[in-house]
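*Asks:* The structure that follows is given in the form of structure tokens.
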Amino acid sequence: MGILLNIILAISVTLDSFIVGKSVDKKIKFTLISISFAHVALFFIGVKVGDQIGPFVSNFDHWISFVVFLFLAISSYKDLISEEPIFQLDNIFKILLTTFALSIDAFAVGASSQHEIQYLELVIIIIAISAPVFCYLGYKLKNEMIKHSHKLLYFSEGTFFLIIGSYILYSHISGGY
-8 MGILLNIILA ISVTLDSFIV GKSVDKKIKF TLISISFAHV ALFFIGVKVG
42 DQIGPFVSNF DHWISFVVFL FLAISSYKDL ISEEPIFQLD NIFKILLTTF
92 ALSIDAFAVG ASSQHEIQYL ELVIIIIAIS APVFCYLGYK LKNEMIKHSH
142 KLLYFSEGTF FLIIGSYILY SHISGGY
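Taken in order, the sequence shown gives residues -8 to 168; the numbers are from my numbering.
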């Protein structure tokens, strides 16, 4: 996986932070720190778990990666067409719970693609920076003009996941790994 796909991977697992920022009214500094820490920690734990299970699934790890990314893409596309209202994050418990839930994709991506990540430090740095940046953008840009902007983010995130998963599978089938 080249540097560009490593960057896309890092950004794609943090795009949903925009939704958290758009939903929070208070405690933005706490939210920014929490979302960055949760994404980095769960991604790193995912990579380490993937290292442990990698030898057992090495014959079909590319297929597992593809299925995980396909599931994440479908989940993003499902959220795109969902009409559920965005809830307000008005206390620390809701902020932590939502941050953890939205960071689970970082764990799944880390666990399923640890062998394809050539620039792990760069990916972690980008995740640590982009999660709070997207969250802050969501916090600052909440108004009627961007009422449905989260749908574009779900589409973008799903598309990024689909591209990465397809690339991993294509590399495997074409003998690249």
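Glycine included, C-beta positions come from ideal geometry on N, C-alpha and C. Computed from a predicted structure; not experimentally measured.
Taking the alpha helix (DSSP H) that Thr90 falls in, what are its first and last residues?
*Replies:* Position 99 of the sequence shown, counted from the first residue, corresponds to residue 90. Here the alpha helix (DSSP H) through Thr90 covers 83 to 104.
*Asks:* Could you tell me whether the region 108 to 127 touches the region -5 to 10, where touching means 3 or more Cβ pairs closer than 8 Å?
*Replies:* Judged by Cβ distances under 8 Å, the region 108 to 127 makes contact with the region -5 to 10, as three or more pairs qualify.
*Asks:* So for Ser15, helix, strand or coil by DSSP?
*Replies:* As a first step, residue 15 must be located in the sequence shown, where it is residue number 24. Before going further, note that residue 15 is Val rather than Ser in the sequence given. Correct three-state label for Val15: strand.
*Asks:* Give me, in chain order, the residues of the same chain whose beta-carbon lies closer than 8 Å to that of Ile86; leave out the 5 immediate sequence neighbours on both sides.
*Replies:* Stepping through the sequence shown from its first residue, residue 86 is reached at position 95. Cβ within range, chain order: Val11, Val15, Lys18, Phe21, Thr22, Ser25, Leu80.
*Asks:* Grab me the residues of Gln109's own chain with a C-beta within less than 8 Å of its C-beta, minus the 5 sequence neighbours each way, in chain order.
*Replies:* The sequence position of residue 109 within the sequence shown is 118, counting from 1. Excluding sequence neighbours, Gln109 sits near Met(-8), Gly(-7), Ile(-6), Asn(-3).
*Asks:* When the Cβ atoms of the region 57 to 77 are set against those of the region 145 to 160, are three or more pairs found closer than 8 Å?
*Replies:* yes
*Asks:* By how many angstroms is the C-alpha of Leu88 removed from the C-alpha of Val59?
*Replies:* Locating residue 59 in the sequence shown gives position 68, where the first residue counts as 1. Locating residue 88 in the sequence shown gives position 97, where the first residue counts as 1. Those two C-alpha atoms are separated by around 22 Å.
*Asks:* With burial defined as no fewer than 16 other Cβ atoms inside 10 Å of the residue's Cβ, what is the status of Ala92: buried or exposed?
*Replies:* Taking the first residue of the sequence shown as 1, we reach residue 92 at position 101. Result: exposed.
*Asks:* Give a yes or no on whether the C-beta atoms belonging to Ile55 and Ser121 are separated by under 8 Å.
*Replies:* Here the question's residue 55 lines up with position 64 in the sequence shown. Here the question's residue 121 lines up with position 130 in the sequence shown. No, they are not a contact pair.
*Asks:* So is Phe9 buried or exposed if we call it buried at 16+ other beta carbons inside 10 Å?
*Replies:* Within the sequence shown, residue 9 is the residue found at index 18, counting from 1. It is buried - the Cβ of Phe9 has at least 16 other Cβ atoms within 10 Å.
*Asks:* State the start and end residues of the unbroken alpha helix (DSSP H) segment that holds Gly129.
*Replies:* As a position in the sequence shown, residue 129 is number 138, starting the count at 1. From DSSP, the alpha helix (DSSP H) with Gly129 extends over 111 to 131.
*Asks:* DSSP on Ile65, reduced to helix/strand/coil?
*Replies:* Along the sequence shown, read from residue 1 onward, the residue named residue 65 stands at position 74. Helix at Ile65.
*Asks:* Using 10 angstroms around the beta-carbon of Pro46, count the other beta-carbons present and answer buried if the total reaches 16, otherwise exposed.
*Replies:* For this step, residue 46 is matched to residue 55 along the sequence shown. Exposed is the call here.
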